[in-house]
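Q: Below is one structure. I have some questions about it.
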Amino acid sequence: MELWFTERHTPNAKFSIKVDKQLYSGNSEFQRIDIFDSKEFGRFLTLDGYMMLTEKDEFIYHEMITHIPMAVHPDPKNILVIGAGDGGVLRELTKYDCIEHIDLVEIDELVVEVCKQYLPTTACRFDDPRVHCYFEDGVKFIRRCEDKYDVIIVDSTDPFGPGEGLFTKEFYGSCFKALHDDGIMVNQHESPFYAEDALAMQRSHKRIVGSFPISKVYQAHIPTYPSGHWLFGFASKKYHPTNDYNGTKWSMLGLNTRYYNPRLHVGSFALPTYVEELLRDVE
Amino acid sequence: MELSQTDAPIYEALRRFRRMRIVPFDVPGHKRGRGNMELTEFLGEDCMNVDVNSMKPLDNLCHPVSVIKDAETLAAQAFGAANAFFMVGGTTSAVQAMILYACKSGDKIIMPRNVHRSAINSLILADAIPVYVNPEVNAQLGISLGMSVSQVEQAIKNNPDAKAIMVNNPTYYGICSDLRKIVELAHAHGMLVLVDEAHGTHFYFGENFPVSAMAAGADIAAASMHKSGGSLTQSSFLLMGDKINSDYMRQIVNLTQTTSASYLLLSSLDISRKRLALGGREIFEKTVEMAQYARDEINSIGGYYAYSKELVNGDSIYDFDISKLSVYTLPIGLAGIEVYDLLRDEYDIQIEFGDIGNILAYISVGDRKRDIERLISALSEIKRRFGKSGTGMLTQEYIAPIVAETPRNAFYAEKKSLPLEQTAGEVCSEFVMCYPPGIPILAPGELITPEIIEYIKYTKEKGCQMTGTEDINVENLNVICGRK
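Protein sequence lines, in the order shown, are assigned to chains A and B.
Here the first sequence is numbered in my numbering, starting from 842 and rising by one per residue.
Here the second sequence is numbered in my numbering, starting from 25 and rising by one per residue.
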């Protein structure tokens, strides 16, 4: 028997993983949630049929979206995470002793429940006493916050479906308002490779550029995302992601990572020419 | 066969018709879309397939005897009317029919001045004489209110020969008049009551809404099914009470109605009527819940005022339509029209309209909670990024018109074009209005005053889209020759 999970990356390109078995399938108020087991990538989570994470490559995404802002900010104490119901960002954040308070805002409580049950590799730090979970729309939550956080991590799904509000100018503006004067916002920034993804990427970049004085983009290689070439946005009120970065200081913390390191930190902001051009077009 | 609200006779006839695979040697010439593939790819084959001409199995809107007649009977039942007509020329055509039915040349009609342009246009067609009842104005919000009963009473007393009273219910902003009382007064004096109910289709199907025209005993109503009812743009219902001769009304409608009524529009009315009759209560419960949520959140931002039933004063605001989301913006130092433009240009959000002091966001069952959150957040961001002191903002005012000539005489009179600044004291021969909402600042036959000129200049400066004049830039106005 052969059972395959397939995601359409474009109307003309597909990505498939051979499934060993399906462990969970359910519908929440917002989306369809599925968990599969596979030989090649281990367990993986999909929402509405779109790949969210696999056990094999999730460390790349979660380390890159977390350690970059945490290593640039000199004293991050209050952190807001939006989305991230799988717990991967929390796992990375809770490695930092300097953090005093983490608010996690996830629209879909069922994602957290399912991940706690089936994805213990990521959903493993929800019980950290610094973590406070809110199950509501991030757009609504952040509207009420002012001058409250050092770092905001926007771990969203794609710019269609329940996460689309997290790619809007009103949301980025609210994040700006919610940050302290030296705050940093990092977001999942889509891919520059396929035409439609590139358009979404440009649209959100344009909106961030209009909302923050410093707005840079960095990249990582994530095999199970469309094209494998993925971007993150780094938006900041004060600190530059490489000029204000002290790699030695970060190394002294002695944190365990498998993808992130100080050399890669600096290198990840060096972008291919075609990506630079895409970004420049909307800046 | 007994008809019930679960039926949709036009829709069902079109489905039967499609299965018959009739070979078309009649119009339309696109022949089920095959003759215009680009259009077919754009609109879809299913859509082109039912864009057909009147024929025996599908009845004829000009003279309905089968499926359209049945569909109209069902619509009348659903709206609690004696008769209902399907209209394909927008609610404008329904308003026109009401006035042409009630008024012949030289007849008087009592109406508020803050009516839609379609009503005054109809006066030109009918050669009727308007007797305007000046609406009260809420001084803070700058919006025109409903008709106060005492003013209607006064107008009736001064014009006992008037043929009808027209009521705008609810207004664009959601304000309702005391319709039952107005009907009682009008009928006691032998006048018809015509209701422009363009924004009130949901009153017939939801709970806790203001009274609908038919329930209040009004004689004719124009209900925009395509606004809150979910049918296609340009489709509408004309509703009649039992005192109205519907056969004569049909003749009136046929004076100006197309003889090639679109079955896309007709089926959309039929299906939407069925949907509201069967599920309207839940649909509008959800709509109101979303509107109320948005109102509460917007009011908690500060500065903005999203108003509701607290405005009710027992007369000129007899009731309020809580499905409307009207927001007063002047306290954040921005005109409504400026907020309207910022929402679209900065946040990709299109709302219904913005005037000098207010915006209106149209809420319906098609809205999603997350889109409501976006709207609220965008308003919060607009206040943070663009807000300033609210002083020095001009409130919209109602300028009572001075009627110098009937609309028809003014419209057809010999006229000349003058620069706006030089028109004070002249009689205007055309409309000037912001669109939306499409309520005229000047109508044909009205005296132009310095106050009105100032107001037109201010609204233009704030970015309102002005329409109605022959001069597309509204720098010149047409005035009647030799009337100064």
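Where is the CB? At the ideal position from N, CA and C, for every residue including glycine.
It should be emphasised that the depicted structure is a prediction, and the values quoted were computed from it without experimental measurement.
From this set, H223/B, P431/B, R408/B, N182/B, which residue's C-alpha is nearest N193/B's C-alpha?
A: To locate residue 193/B, count along the second sequence from 1; it is residue 169. Ranking H223/B, P431/B, R408/B, N182/B by Cα distance to N193/B puts H223/B first.
Q: Cutting at 7 angstroms between CB atoms, please list the residues of its own chain near S146/B, excluding the five before and the five after it.
A: Within the second sequence, the letter at position 122 stands for residue 146/B. Correct list, in chain order: V119, Q120, I123, L124.
Q: Using the Cα positions of T430/B and E499/B, report the straight-line distance between them to the nearest angstrom.
A: Here residue 430/B is taken as the residue at index 406 of the second sequence, counted from 1. Here residue 499/B is taken as the residue at index 475 of the second sequence, counted from 1. Their backbone Cα atoms lie some 24 angstroms apart in a straight line.
Q: Start and end of the alpha helix (DSSP H) containing P1103/A?
A: Here residue 1103/A refers to the residue found at position 262 of the first sequence. Note, P1103/A: alpha helix (DSSP H), 1103 to 1108.
Q: Please confirm whether Y371/B has its beta-carbon closer than 8 angstroms to some beta-carbon of chain A.
A: For this step, residue 371/B is matched to residue 347 along the second sequence. Output row for Y371/B: interface = yes.
Q: Just grab the DSSP bridge partners of G214/B for me.
A: Counting from one through the second sequence, the residue named residue 214/B turns up at place 190. Paired residue(s): none; G214/B is not in a bridge.
Q: Would S1015/A pass as an interface residue toward chain B - the criterion being a Cβ-Cβ separation below 8 angstroms?
A: As a position in the first sequence, residue 1015/A is number 174, starting the count at 1. So yes, S1015/A belongs to the interface.
Q: If you follow the alpha helix (DSSP H) that T447/B is in, where does it begin and where does it stop?
A: On the second sequence, residue 447/B is found 423 positions in, with the first residue counted as 1. Segment: none, T447/B is in no alpha helix (DSSP H) and carries neither H nor E.
Q: I'd like the list of long-range same chain contacts for E177/B, defined as Cβ closer than 7 angstroms, with 5 residues on each side in sequence excluded.
A: If you number the second sequence from 1, residue 177/B lands on position 153. L209, listed in sequence order.
Q: Please list the partners that D978/A has in chain B, where partner means a Cβ-to-Cβ separation under 8 angstroms.
A: Sequence index remark: in the first sequence, residue 978/A carries index 137 (1-based). Ordered by position in chain B, the residues that pass the 8 angstroms Cβ test against D978/A are K393, R394, E397.
Q: Taking the alpha helix (DSSP H) that E1011/A belongs to, which residues open and close that run?
A: Within the first sequence, numbered from 1, the residue matching residue 1011/A stands at position 170. 1010 to 1019 is the extent of the alpha helix (DSSP H) around E1011/A.
Q: Can you give me the start and stop residues for the beta strand (DSSP E) that P910/A sits inside?
A: For the purposes of this step, residue 910/A is identified with residue 69 of the first sequence, where counting begins at 1. Element bounds for P910/A: not the beta strand (DSSP E) but the alpha helix (DSSP H), 899 to 913.
Q: Taking the DSSP output, what are the residues bridged to H973/A?
A: On the first sequence, position 132 is the one that residue 973/A refers to. Bridge partners of H973/A: D944/A.
Q: Identify which residue in R392/B, E397/B, S117/B has its Cα closest to the Cα of L1007/A.
A: Taking the first residue of the first sequence as position 1, residue 1007/A is located at position 166. That would be E397/B, whose Cα lies nearest to the Cα of L1007/A.
Q: Please identify, using Cβ separations under 7 angstroms, the residues of the segment 1079 to 1093 of chain A that lie next to chain D, in order along the chain.
A: In summary, chain D is missing from the structure at hand, where the protein chains are A and B.
Q: What does T935/A touch in chain B if you count any residue whose Cβ is under 7 angstroms from its own?
A: Against the first sequence, residue 935/A aligns to sequence position 94. Correct list: empty, because the minimum Cβ distance to chain B is about 29 angstroms.
Q: List the residues that DSSP assigns as beta-bridge partners of T282/B.
A: Against the second sequence, residue 282/B aligns to sequence position 258. DSSP lists no partner for T282/B.
Q: Taking the beta strand (DSSP E) that E848/A belongs to, which residues open and close that run?
A: If you number the first sequence from 1, residue 848/A lands on position 7. Start and end: 845 to 851.
Q: I920/A: which of M1093/A, D991/A, S1045/A, S1032/A sits nearest, CA to CA?
A: On the first sequence, position 79 is the one that residue 920/A refers to. The shortest C-alpha separation from I920/A is found at D991/A.
Q: Between the Cα of Y959/A and the Cα atoms of T1098/A, A854/A, D878/A, which residue gives the shortest distance?
A: Taking the first residue of the first sequence as position 1, residue 959/A is located at position 118. Considering only alpha carbons, the answer is D878/A.
Q: With burial defined as no fewer than 16 other Cβ atoms inside 10 Å of the residue's Cβ, what is the status of R39/B: buried or exposed?
A: Here the question's residue 39/B lines up with position 15 in the second sequence. So R39/B ends up on the exposed side.
Q: In terms of residues, what are the limits of the beta strand (DSSP E) holding M1093/A?
A: Taking the first sequence and counting its residues from 1, the one referred to as residue 1093/A is at position 252. Unbroken run through M1093/A is the alpha helix (DSSP H), 1088 to 1093; no beta strand (DSSP E).
Q: In whole angstroms, what is the alpha-carbon distance linking A247/B and L466/B?
A: Your numbering for residue 247/B matches position 223 in the second sequence. Your numbering for residue 466/B matches position 442 in the second sequence. Looking at the two C-alpha atoms, the distance is approximately 25 angstroms.
Q: Output, in sequence order along the chain, the residues in the segment 986 to 1011 of chain A whose CB is closer than 8 angstroms to any CB in chain B.
A: Result list: P1003, E1005, G1006, T1009, K1010, E1011.
Q: Measuring only the C-alpha atoms, how far is D185/B from L169/B?
A: Within the second sequence, the letter at position 161 stands for residue 185/B. Within the second sequence, the letter at position 145 stands for residue 169/B. Going from the Cα of D185/B to the Cα of L169/B covers about 26 angstroms.
Q: Could you list the residues in the segment 1014 to 1035 of chain A with a C-beta less than 7 angstroms from some C-beta on chain B, going in chain order?
A: For the segment 1014 to 1035 of chain A, which is checked against every Cβ of chain B, the residues closer than 7 angstroms are G1014, S1015, K1018.
Q: Around the Cβ of H87/B, are there at least 16 other Cβ atoms within 10 angstroms (buried) or fewer (exposed)?
A: By 1-based counting over the second sequence, the position of residue 87/B is 63. H87/B should be labelled exposed.
Q: So that I know if they touch, is there some Cβ in chain A lying closer than 8 angstroms to that of E309/B?
A: Position 285 of the second sequence, counting from 1, holds the residue named residue 309/B. No, its Cβ sits nowhere closer than 8 angstroms to a Cβ of chain A.
Q: Helix, strand or coil for S401/B per DSSP?
A: Working through the second sequence from its first residue, we reach residue 401/B at position 377. In the structure shown, S401/B sits in a helix (DSSP, three-state: H, G or I).
Q: Looking at the structure shown, is S260/B part of a helix, part of a strand, or coil, going by DSSP?
A: Taking the second sequence and counting its residues from 1, one reaches residue 260/B at position 236. Strand.
Q: Name the residue from R985/A, V953/A, D988/A, K989/A whose alpha carbon lies nearest to the alpha carbon of C974/A.
A: Here the question's residue 974/A lines up with position 133 in the first sequence. Closest option to C974/A, Cα to Cα, is V953/A.
Q: Whether or not the segment 238 to 245 of chain B and the segment 99 to 113 of chain B are in contact is what I'm after, with contact meaning three or more pairs of Cβ atoms, one per stretch, closer than 8 angstroms; do they touch?
A: Touching, per the Cβ criterion.
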